[in-house]
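So the sequence shown is numbered by the working numbering: it starts at 31 and just counts up by one. The C-beta atom is built at its ideal place from N, Cα and C for all residues, glycine as well. Report on the following structure.
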Amino acid sequence: MKIAIGLPNPIPGTPGRLLVDWARSAEERGFSSLATIDRIAYPSYESLISLAAAAGVTERIGLITNVLLGPTRNPVLLAKEAASVHQISDGRLTLGVGVGGREDDFEAVGADFGSRGRRWDDALGLMDKAWRGEPVGGSPKPVTPSPAGRKDVPLLIGGMTDKAIERTVKWGVGWTSGGMPPDQVGPFVEQVHSAWKDAGREGVPHIAALAYFSLGEDVESESIGYLKDYYSFLGEWVDAMANGIPRTPEAVKQTVAAFADIGVDELVLDPTVADLSQVDRLAEVVL
31 MKIAIGLPNP IPGTPGRLLV DWARSAEERG FSSLATIDRI AYPSYESLIS LAAAAGVTER
91 IGLITNVLLG PTRNPVLLAK EAASVHQISD GRLTLGVGVG GREDDFEAVG ADFGSRGRRW
151 DDALGLMDKA WRGEPVGGSP KPVTPSPAGR KDVPLLIGGM TDKAIERTVK WGVGWTSGGM
211 PPDQVGPFVE QVHSAWKDAG REGVPHIAAL AYFSLGEDVE SESIGYLKDY YSFLGEWVDA
271 MANGIPRTPE AVKQTVAAFA DIGVDELVLD PTVADLSQVD RLAEVVL
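Here it is in structure tokens:
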């Protein structure tokens, strides 16, 4: 199983320069990919812009949106932006996308929340055409820098629903679970593999997952504070969530092993504090 590390792009107060330094350090330490978490109604850095900055200071490390809130974007513009990052990075982008579950993200951009799934199904088809070099949206010419005639940007579909699995089989190279524990992710991994086979897709789907971490007693209170703020919508459950992530080397290793056991191909370990030392601390534990 590959080990990726998240960028601290969603953590409020993160200096912009830190994203660049984090990307360099992650590549130097040997992580498989850099990943972003996407929000609109939160003081975070935009996912594709963050990965474009990371692409400019790295050469090999993968770049993943895990996941980008697809229905909050114009699909033609999103296809163009993703293809641009993919080409600039020499083919290192994997676009992880989901429909989102927080209404405030949609209110912030004036998008309808209730119809997001239906709109996203249409958008995926439009983006696929754009990446194949076909004119879309009334344009007489192609809109992306993708090579004509073939799909360019690999898609990971996020979401623990039957509909997400359907989208995975139809449009994706694989599936990503989001930040749920291994015992809840495992059954969906099996469903994705089964649906993939039933649909006659070649090969096997790429399975990704996300887990939070922090390492060091010196950052524990800061980590808990961030998670309580980010997941405040959980109400009375937020304390258990914020206090339950792995914060010791042993706990991180156990988390990694648990995801490997259920068949995850790449685990993204996402930081909960914007401290560059977390890259080295994590590398010493998992690489």
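Proximity to residue i [Cα-Cα], best of the options
i: serine 80; options: Val203, Tyr72, Thr95; result: Thr95
i: tyrosine 260; options: Asp68, Ser224, Arg231; result: Asp68
i: tyrosine 256; options: Ala272, Ala241, Gly265, Glu266; result: Ala272
i: threonine 44; options: Tyr75, Ser169, Val298, Gln214; result: Tyr75
i: aspartate 134; options: Val268, Phe263, Val282; result: Phe263
i: glutamate 232; options: Ala238, Ser224, Ala239; result: Ser224
i: tryptophan 150; options: Leu108, Glu137, Ser119; result: Leu108
i: lysine 32; options: Phe61, Asn39, Glu247, Leu48; result: Phe61
i: tyrosine 200; options: Asp269, Val222, Val294, Gly168; result: Reading off the sequence, residue 200 comes out as lysine, not tyrosine. Closest by alpha carbon: Val222.
i: threonine 124; options: Val315, Glu111, Phe136; result: Glu111
i: valine 294; options: Val215, Arg311, Leu37, Val127; result: Val215
i: arginine 90; options: Arg59, Pro235, Leu98, Gly265; result: Arg59
i: tyrosine 242; options: Asp120, Val268, Gly230, Ile275; result: Ile275
Through-space distance from residue j to residue i, alpha-carbon basis
i: alanine 113; j: leucine 185; result: 12 Å
i: valine 139; j: threonine 102; result: 7 Å
i: aspartate 152; j: alanine 290; result: 34 Å
i: glycine 46; j: valine 303; result: 14 Å
i: alanine 83; j: glutamate 57; result: 14 Å
i: serine 63; j: leucine 93; result: 5 Å
i: leucine 48; j: lysine 227; result: 42 Å
i: valine 315; j: alanine 85; result: 25 Å
i: proline 170; j: serine 119; result: 27 Å
Sequence-distant residues of its chain with Cβ nearer than 7 Å to residue i (five each side left out)
i: methionine 210; result: Met190
i: glutamine 117; result: Pro175
i: valine 249; result: Val303, Asp305
i: tryptophan 161; result: Ala109, Ala113, Thr174, Ser176, Lys181, Asp182, Val183
i: methionine 157; result: Pro105, Leu108, Ala109
Residue i - DSSP class collapsed to helix/strand/coil
i: leucine 107; result: helix
i: valine 282; result: helix
i: glycine 209; result: coil
i: isoleucine 275; result: coil
i: valine 219; result: helix
i: glycine 168; result: coil
i: glycine 36; result: strand
i: phenylalanine 243; result: strand
i: isoleucine 237; result: strand
i: isoleucine 79; result: helix
i: serine 63; result: strand
i: proline 101; result: helix
i: leucine 185; result: strand
Assigned exposure category for residue i - 16 Cβ within 10 Å defines buried
i: alanine 34; result: buried
i: glutamine 308; result: buried
i: glycine 130; result: buried
i: valine 166; result: buried
i: serine 145; result: exposed
i: leucine 319; result: Nothing can be reported for residue 319, as the shown portion of the chain is limited to 31 through 317.
i: glycine 36; result: buried
i: aspartate 300; result: buried
Cut-off 6 Å between Cβ atoms - residues of its own chain near residue i, not counting five sequence neighbours on either side
i: isoleucine 187; result: Ala194, Arg197, Thr198, Gly202, Trp205
i: proline 212; result: Ala288, Phe289, Ile292
i: serine 244; result: Ser253, Arg277, Thr302, Val303
i: proline 73; result: Pro42
i: glycine 5; result: Residue numbering for the chain in the displayed model covers 31 to 317; residue 5 lies beyond these limits and cannot be assessed.
Own chain, CB closer than 8 Å to residue i, minus 5 neighbours either side, in chain order
i: valine 87; result: Val50, Ala53, Arg54
i: valine 115; result: Leu78, Leu81, Ala82, Ala85, Leu93, Leu123
Residue-level contact to chain B via CB, residue i, 8 Å cutoff
i: glycine 208; result: The structure shown contains no chain B; it is built from a single protein chain.
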